[in-house]
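Going letter by letter, the sequence shown gives residues -26 to -1, 1 to 305 in mature numbering (1 follows the signal peptide of the UniProt record, and there is no 0). Cβ coordinates follow ideal geometry from the N, Cα and C atoms, glycine included. Source: prediction; values computed, not measured. Each remark here refers to the structure printed beneath this line.
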Amino acid sequence: MTHPFATRRGVIAGLLAVAAARPLAAATAVPEAATLLAPGPEEGAAATYAQRAARGLARGLVHAAAMRVSVLGGADGITAANRFAVTAPADGRMLLALPGQSAQALLIGDPRARFEPRQWPAVTASLVPALLAGRGPLAAAHPPRLALAGPGAPEVAGLLALEMLGRAATPVFLPAAMAPEAAVAVGSADAIVLTGGGAVARAAALGLTPWFAFDLAAGGRDPHLPDVPALGELLADPAHPDLLAGCRAAAAAMRARAVVVLPTLTPADSVALWREAARRWGEAEPDAAEAGAHRVHAQAAADLLATLCPAPGGVLAYREWLHRRLAFQAG
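The structure is reproduced here in structure tokens:
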């Protein structure tokens, strides 16, 4: 039989060891300085968001830390993501603001995109609502003309969603200088994808009815569009789940302003540290500062990243559909 004093000594020794290790773990996890890599240009939307995120995250850390923003490449974020994938050390001292455009480039097979974000731990994210609106009810017999920027644009998710719902639609590819709202206003299109704040009111101003909102892979209505049914509600039992995953990925690309991520293999304590900093930032600075966008943290940010980067089956299904439906192939 084990002597009770021996057991007690073992427990006490274990507790002392844990207590002694905690300061060391904290010292290892909390960086004295960190860098947030962001897409350019310097005054662009992604860099502006990164500056705000850097300030908020630095204030949210348990111990004060200097955090700078390093701007690299263009607005699509491909150059920054490629650099991050190759050079970022997995020590919690470098993060990346990954925009939705970067994930869209991966989804459609842009050969410039040479990074794999599926295993990057997500810290926080900024996203906007997105809905598809058209003239009259969704069940109307007349095939809508859907305004689109181009076959590789994430808004093409609207065309695919309508097809999966059994609604024939005609894509209307617009000149670079024409906004989709303008196409509806002049009668060149009957349906449009709207993102950002006030989407329902903007649809009403154009005489359009919201048909559905784009949801994430986890499903559920967007809390910022509570009266608009989510795509997943209308496709509760999809015939082609991989295609729905690809559709949701493209839709998430137009919704995601940025997902702040850490490199693969970043220690769990560092991931937890940054996620806690993001939570504190969210408490200190409300979403109102971000013009129609809202922040999500930890698991919700990870859900967004998972939607942006579906499994290979979803990627392949989307690319094949693009080629079949729009004769489009990146590169």
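Taking Cβ positions, are residue 282 and residue 192 nearer each other than 7 angstroms? Position 308 of the sequence shown holds residue 282. Position 218 of the sequence shown holds residue 192. Taking 7 angstroms as the Cβ cut-off, residue 282 and residue 192 do not qualify as a contacting pair.
Within 10 angstroms of the Cβ of residue 239, are there 16 or more other Cβ atoms? Answer buried if so, exposed if not. Reading the sequence shown from its first residue, position 265 is the one you call residue 239. It counts as exposed.
Taking contact to mean at least 3 C-beta pairs separated by less than 8 angstroms, is the segment 58 to 66 in contact with the segment 197 to 208? The segment 58 to 66 is not in contact with the segment 197 to 208.
To the nearest angstrom, how far is the alpha carbon of residue 119 from that of residue 164? In the sequence shown, counting from the first residue as 1, residue 119 sits at position 145. In the sequence shown, counting from the first residue as 1, residue 164 sits at position 190. Inter-residue distance for residue 119 and residue 164 is about 5 angstroms (C-alpha atoms, whole angstroms).
Do you know offhand how far residue 245's Cα is from residue 61's? On the sequence shown, residue 245 is found 271 positions in, with the first residue counted as 1. On the sequence shown, residue 61 is found 87 positions in, with the first residue counted as 1. If I take the Cα positions, the gap works out to 18 angstroms.
Where does the unbroken beta strand (DSSP E) through residue 254 begin, and where does it stop? Counting from 1 along the sequence shown, the entry for residue 254 is found at position 280. Counting along the chain, residue 254 sits inside no beta strand (DSSP E); it lies in the alpha helix (DSSP H) bounded by residues 242 to 258.
Indicate whether at least one CB of chain C lies closer than 7 angstroms to the CB of residue 45. The structure shown contains no chain C; it holds only a single protein chain.
Is DSSP giving residue 102 helix, strand or coil here? Within the sequence shown, residue 102 is the residue found at index 128, counting from 1. Correct three-state label for residue 102: coil.
Close-in-space but distant-in-sequence residues of the same chain around residue 54 (CB under 7 angstroms, 5 per side omitted): Looking up residue 54 in the sequence shown gives position 80. The answer, listed in chain order, is 11, 12, 13, 46, 47, 70.
By DSSP, does residue 148 sit in helix, in strand, or in coil? Numbered from 1 along the sequence shown, position 174 holds the residue referred to as residue 148. Residue state, collapsed to three classes: coil.
Pick helix, strand or coil for residue 317, following the three-state DSSP scheme. Only positions -26 to 305 of the chain appear in this structure, which leaves residue 317 out of reach.
Could you tell me which of 298, 44, 268 sits nearest to residue 98, measuring between CA atoms? The count along the sequence shown starts at 1 and reaches residue 98 at position 124. Looking at the Cα atoms, 268 is the closest of the given residues.
Rounded to whole angstroms, what's the CA-CA distance from residue 221 to residue 287? Just pull it up for me. The residue you call residue 221 lines up with position 247 of the sequence shown. The residue you call residue 287 lines up with position 313 of the sequence shown. Here the alpha carbon of residue 221 sits roughly 12 angstroms from the alpha carbon of residue 287.
So is residue 271 buried or exposed if we call it buried at 16+ other beta carbons inside 10 Å? In the sequence shown, counting from the first residue as 1, residue 271 sits at position 297. Flag for residue 271 reads buried.
How many angstroms separate the CA atom of residue 135 from the CA atom of residue 172? Locating residue 135 in the sequence shown gives position 161, counting from the first residue. Locating residue 172 in the sequence shown gives position 198, counting from the first residue. Whole-angstrom Cα-Cα distance: 22 angstroms.
N- and C-terminal bounds of the alpha helix (DSSP H) containing residue 88: Taking the sequence shown and counting its residues from 1, the one referred to as residue 88 is at position 114. Note, residue 88: premise wrong, no alpha helix (DSSP H); not H, not E.
What residue range does the alpha helix (DSSP H) around residue 128 cover? Counted from its first residue, the sequence shown places residue 128 at position 154. No residue range can be given for residue 128, since it is assigned to no alpha helix (DSSP H) and is classified by DSSP as neither H nor E.
Give me, in chain order, the residues of the same chain whose beta-carbon lies closer than 7 angstroms to that of residue 184; leave out the 5 immediate sequence neighbours on both sides. Numbered from 1 along the sequence shown, position 210 holds the residue referred to as residue 184. Shown here for residue 184: same chain residues with a beta carbon closer than 7 angstroms to its own, the five before and five after excluded, namely 105, 107, 174, 177, 202 in chain order.
Nearest to residue 76 by CA position, among 229, 258, 253, is which residue? Within the sequence shown, residue 76 is the residue found at index 102, counting from 1. Looking at the Cα atoms, 229 is the closest of the given residues.
Whole angstroms is fine: what's the gap from residue 247's alpha carbon to residue 7's? One-based indexing of the sequence shown puts residue 247 at position 273. One-based indexing of the sequence shown puts residue 7 at position 33. Going from the Cα of residue 247 to the Cα of residue 7 covers about 14 angstroms.
Could you have a look at residue 17 and say whether DSSP puts it in helix, strand or coil? Along the sequence shown, one-based indexing puts residue 17 at 43. DSSP places residue 17 in the coil class of the three-state scheme, outside both helix and strand.
Compare the C-alpha of residue 212 against each of 275, 255, 137, 276 and name the closest. Here residue 212 is taken as the residue at index 238 of the sequence shown, counted from 1. Nearest Cα to residue 212 within the set 275, 255, 137, 276: 137.
Determine the DSSP secondary structure at residue 290, reduced to helix, strand or coil. Here residue 290 is taken as the residue at index 316 of the sequence shown, counted from 1. In this structure, DSSP gives residue 290 a helical state, which the three-state scheme calls helix.
Between which residues of its own chain and residue 237 is the CB-CB distance below 6 angstroms, once the five residues before and five after are set aside? By 1-based counting over the sequence shown, the position of residue 237 is 263. Taken in chain order, the residues that qualify are 62, 64.
Let me confirm a value: residue 36 is counted as buried when at least 16 other C-beta atoms fall within 10 Å, else exposed. Which label applies? Your numbering for residue 36 matches position 62 in the sequence shown. Residue 36 is classed as exposed because its beta carbon has fewer than 16 other beta carbons within 10 Å across all chains shown.
Given residue 91 as reference, the closest of 82, 24, 279 once Cα atoms are compared: Residue numbering aside, residue 91 sits at position 117 when the sequence shown is read from its first letter. When each option's Cα is compared against that of residue 91, the closest is 279.
For residue 214 and residue 291, which I take to be in contact (beta-carbon distance under 8 angstroms), what is that distance rounded to the nearest angstrom? Counting from one through the sequence shown, the residue named residue 214 turns up at place 240. Counting from one through the sequence shown, the residue named residue 291 turns up at place 317. The C-beta distance from residue 214 to residue 291 rounds to 7 angstroms, short enough to fall under 8 angstroms.
Are the Cβ atoms of residue 74 and residue 227 separated by less than 7 angstroms? To locate residue 74, count along the sequence shown from 1; it is residue 100. To locate residue 227, count along the sequence shown from 1; it is residue 253. In this structure, residue 227 lies closer than 7 angstroms to residue 74 by Cβ.
Is the CB-CB distance between residue 179 and residue 34 below 7 angstroms? As a working mapping, residue 179 is identified with position 205 in the sequence shown. As a working mapping, residue 34 is identified with position 60 in the sequence shown. Not a contact, by the Cβ cut-off of 7 angstroms.
Could you tell me if residue 365 is buried or exposed, where buried requires 16 or more neighbouring beta carbons within 10 angstroms of its beta carbon? With the chain covering only -26 through 305, there is no way to say anything about residue 365.
Determine whether the beta carbon atoms of residue 366 and residue 217 lie at a separation below 7 angstroms. There is simply no residue 366 to check, as the chain begins at -26 and stops at 305 in what is shown.
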